[in-house]
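Reading through the structure tokens given below for one structure.
Residue numbers (the UniProt record's numbering): 1 to 107.
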């Protein structure tokens with residue numbers, strides 16, 4: 001059986017989320033088609049009252065459109081899921097946990 005993603009318990013894992021602003025665009029977030037650029041994914045930074053040590057970055061489908069919220073405004077995620085992406089640097093293994101959601105709206 002292949003594990004594709006995990007559905008987090010949002011209340012226990014992340015608690016209350018607040019909008020932190022757009023995150024840096026990464027490779028694979030856009031696609032060029034001639035002179036046009038299509039947005040595949042948008043990334044946003046979030047703050048959590050449970051995960052205080054790290055900022056949370058959520059990846060939202062580009063079809064959901066650009067999100068405009070005030071800084072530190074409470075938000076909630078629609079159908080969140082977590083995937084893991086592994087990589088190796090100098091023989092040591094590392095994992096990035098990536099939070100995905102269909103959409104983000106005011107809490």
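Every residue, glycine too, gets a C-beta built ideally from N, C-alpha and C.
What you are looking at is a predicted structure, and each value in this text was computed from that prediction instead of being measured.
Of the residues assessed, residue 107 falls on the exposed side of the cut-off, its CB having fewer than 16 other CB atoms within 10 angstroms.
For residue 62, the three-state secondary structure derived from DSSP is helix. Between the alpha carbons of residue 105 and residue 75 lies a distance of about 6 Å. Segment contact: the stretch 64-79 against the stretch 16-23, three or more CB-CB distances shorter than 8 Å; contact assigned. Remark: fewer than three beta-carbon pairs, one from each stretch, lie closer than 8 Å, so the stretch 77-95 and the stretch 47-55 are not flagged as touching. Assignment of residue 11 by DSSP, reduced to helix, strand and coil, places it in the helix class.
No Cβ-Cβ contact shorter than 9 Å links residue 42 with residue 68. Residue pairing for residue 38: DSSP places it in a beta bridge opposite 31. In the three-state reduction of the DSSP assignment, residue 69 falls in the coil class, being assigned neither a helical nor a strand state.
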